[in-house]
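Participant:
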């Protein structure tokens, strides 16, 4: 893979070029290819079509940035505050740039790299034990623990505990196409753009043994063209209108509303008729096989696998994982057969937000997706339940000087009547590592035991798990884990305070409203409604639902679901008592 990114400032900037190599290729080889390409560009100039496409996409990115309040703020601040122009003036200036202008700039700034670095991975993967068993992090937070009361201005206290009167604007129009495809539309007429998000429901059980990774490969290669829009034609079509489009199990599009029908037609062809053509298939298959080999030595991947192995039932299809061998053995015919069977309209949901009416959306989608037909009985995408909570332990030795700990247990699904209450419980305990949370206050702020700590509820339509993650110096691991258990037990033993309860509700509602600050955020919430079978007024009624939750409700949910003494434990880092057994 190769990518370039520019970091420009008022009086200077950097251009970074990253090249990631497949096994069997050396850094010197990649550097030689890069330098040869740059010499050719500097001698012959940039391709005219590429220059035109780059200008269109750059201006389009600025247009779509205004669909987000935060991105609009960044764009406005940069354009007015730094460049000193109006947004429309800078767009005009970008449009006037020529290939000669780009060539002159490249000759001035890119004739020779300032720094070239060759970064090589370790020769061997991490072992199950660590060479740095006596390592310890040098930063001792315990010496900076506050020794007096935390003073909070009264106006901040009032603001953080007062329920907001704002509420979600989401009230989508929903309908189902004749072939079973579900659609949610939220008109947003303030800008001439739209955002589309889509998902095809799936299950690990859809992958037959020996063909693990077929969904991952299909989704990746689908982005390289389809029956009526091969790779070059698709790129040309989207470049011409400044549209962004991805296809696969999860798919998306963003463009100007005047081009809605054209973009939807390209997208539909990619979902219904992916071509899986070479050389893209062979390139992606080879790169994924190499990536899978690399994943065997990535600590984050190893942690996830160990955690799932402890959490799930032994026969859970989600535990099957692709290998380099299974990936290399997947053929084009098998990809086609898989998508024809499992990429089907009655498993698909589409959410659209923007300057398009529900009537226009229905007409365009019926035209583009209406001929998509499902073959055979509808597969069941539901996942099997997680087994009851039970203790478990695993350890991954790494060369880090601190210990990463993940504690977890089965929890509840999105469909549970207690889901909202569990969210409040999680918010009070440690959601997102919030400063106000109990875990942060007790483990970091008061005692300096950890570098960071957070809790999260990972819930899907069928099942969920509750996890707590923390990082600590080796000498503080046992005390930190013990205190986590005590905080879980405290939730079960005594009701939370009215202040904690109110602040948690305010944060939860506020965060959901902030997600609506962009068209993409709204589309994500609509797709959440569709994929989890939630009521269409789910976000619109957040205020009322959270307002009705009491401290007694949180106490009941803590007693019903939390199992402090039946947690699975995964440790990664230097060795210690945790490398041999649970603590």
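Residue numbers (this note's numbering): 5 to 587.
We treat Cβ as the ideally placed atom computed from N, Cα and C, and that holds for glycine.
In chain order, what are the residue ranges of uninterrupted alpha helix (DSSP H) at least 4 long that sit wholly in the stretch 136-216?
Facilitator: Fully enclosed alpha helix (DSSP H) runs of 4 or longer: 158-165.
Participant: Run through the stretch 60-130 for me and flag every whole alpha helix (DSSP H) of 4 or more residues, listed as ranges in chain order.
Facilitator: Those alpha helix (DSSP H) runs which fall completely within the stretch 60-130 and span 4+ residues are 73-80, 91-99 and 103-113.
Participant: Grab me the residues of residue 228's own chain with a C-beta within less than 6 Å of its C-beta, minus the 5 sequence neighbours each way, in chain order.
Facilitator: Answer for residue 228: 235 and 284, listed in chain order.
Participant: If I'm right that residue 547 touches residue 176 with Cβ under 8 Å, what's the distance once you round it to whole angstroms?
Facilitator: Incorrect: roughly 18 Å between the Cβ atoms, too far for contact.
Participant: Nearest to residue 321 by CA position, among 374, 209 and 425, is which residue?
Facilitator: Among 374, 209 and 425, the Cα nearest to that of residue 321 is on 209.
Participant: Does DSSP put residue 514 in a helix, in a strand, or in coil?
Facilitator: Residue 514 falls in the helix class under three-state DSSP.
Participant: Let me confirm a value: residue 316 is counted as buried when at least 16 other C-beta atoms fall within 10 Å, else exposed. Which label applies?
Facilitator: The residue in question, residue 316, is buried, as its Cβ has 16 or more Cβ neighbours within 10 Å.
Participant: Helix or strand or just coil, what does DSSP make of residue 13?
Facilitator: Correct three-state label for residue 13: strand.
Participant: Thinking C-alpha only, which one of 439, 497, 410 and 441 is nearest residue 473?
Facilitator: Closest by alpha carbon: 410.
Participant: Assess, as a yes-or-no matter, whether the stretch 171-185 is touched by the stretch 374-382 under the definition of 3 or more beta carbon pairs within less than 8 Å.
Facilitator: Yes, since at least three Cβ pairs between the stretch 374-382 and the stretch 171-185 fall closer than 8 Å, the two stretches touch.
Participant: May I ask which residues mark the beginning and end of the alpha helix (DSSP H) holding residue 380?
Facilitator: No alpha helix (DSSP H) contains residue 380, which DSSP labels as neither H nor E.
Participant: Where does residue 201 land, buried or exposed, given buried means 16+ other C-beta within 10 angstroms?
Facilitator: Classification of residue 201: buried, given that the 10 Å Cβ count is 16 or more.
Participant: Quick one: Cα of residue 141 to Cα of residue 580, how far?
Facilitator: Here the model assigns residue 141 a pLDDT of 44, short of 50, so the residue's position is not dependable, and the following value carries that caveat. Cα to Cα, residue 141 sits roughly 14 Å from residue 580.
Participant: Measuring alpha carbon to alpha carbon, tell me which of 221, 531 and 99 ends up nearest residue 342.
Facilitator: If we check each option's Cα against that of residue 342, 221 comes out closest.
Participant: Check this for me: beta carbons of residue 425 and residue 553, under 7 Å apart or not?
Facilitator: Yes, the Cβ-Cβ distance between residue 425 and residue 553 is below 7 Å.
Participant: Between the Cα of residue 203 and the Cα atoms of 443, 20 and 385, which residue gives the shortest distance?
Facilitator: Nearest of 443, 20 and 385 to residue 203, Cα basis: 385.
Participant: State the CB to CB distance for the pair residue 358 and residue 192, rounded to an integer number of angstroms; the pair is presumed to be in contact (CB under 8 Å).
Facilitator: The pair is a contact, with the Cβ atoms about 5 Å apart (cut-off 8 Å).
Participant: What is the rounded straight-line gap between the Cα of residue 280 and the Cα of residue 519?
Facilitator: Between residue 280 and residue 519, the C-alpha separation is close to 35 Å.
Participant: What residues match up with residue 553 in a beta bridge as DSSP calls it?
Facilitator: Bridge partners of residue 553: none, in fact.
Participant: Would a C-beta distance cut-off of 7 Å place residue 365 and residue 288 closer than the cut-off?
Facilitator: No, these two residues do not count as a Cβ contact at 7 Å.
Participant: Tell me which residue opens and which closes the alpha helix (DSSP H) that residue 303 is part of.
Facilitator: Note, residue 303: alpha helix (DSSP H), 303-315.
Participant: Write down the C-beta distance between residue 413 and residue 486 rounded to the nearest angstrom, noting that I regard them as a contact closer than 8 Å.
Facilitator: The pair is not a contact, with the Cβ atoms about 17 Å apart (cut-off 8 Å).
Participant: Determine the direct distance from the alpha carbon of residue 447 to that of residue 267, and round the result to whole angstroms.
Facilitator: Near 51 Å, if we compare the C-alpha coordinates of residue 447 and residue 267.
Participant: The alpha helix (DSSP H) with residue 431 in it runs from where to where?
Facilitator: 423-433 is the extent of the alpha helix (DSSP H) around residue 431.
Participant: Where do the N-terminal and C-terminal ends of the alpha helix (DSSP H) with residue 274 fall, by residue?
Facilitator: Its alpha helix (DSSP H) spans residues 264-276.
Participant: Whole angstroms is fine: what's the gap from residue 582's alpha carbon to residue 309's?
Facilitator: For residue 582 and residue 309, the distance between alpha carbons rounds to 18 Å.
Participant: What are the boundary residues of the alpha helix (DSSP H) that includes residue 327?
Facilitator: That residue, residue 327, is in no alpha helix (DSSP H); it is neither H nor E in DSSP.
Participant: In chain order, what residues of the same chain have a beta carbon less than 6 Å from the beta carbon of residue 50, not counting five sequence neighbours either side?
Facilitator: 103 and 106.
Participant: Just tell me which of 573, 70 and 85 has its CA closest to the CA of residue 400.
Facilitator: Answer by Cα proximity: 573.
Participant: Apart from the five residues on each side of it in sequence, which residues of its chain come closer than 8 Å, Cβ to Cβ, to residue 370?
Facilitator: The answer, listed in chain order, is 181 and 182.
Participant: Is DSSP giving residue 419 helix, strand or coil here?
Facilitator: Coil, per DSSP.
Participant: Please classify residue 30 as buried or exposed, where buried requires at least 16 neighbouring CB atoms within 10 angstroms.
Facilitator: Answer is exposed; the Cβ neighbour count stays below 16.
Participant: Is the stretch 551-566 close to the stretch 485-503, with three or more CB pairs under 8 Å?
Facilitator: Touching, yes, given that three or more Cβ pairs across the two stretches are closer than 8 Å.
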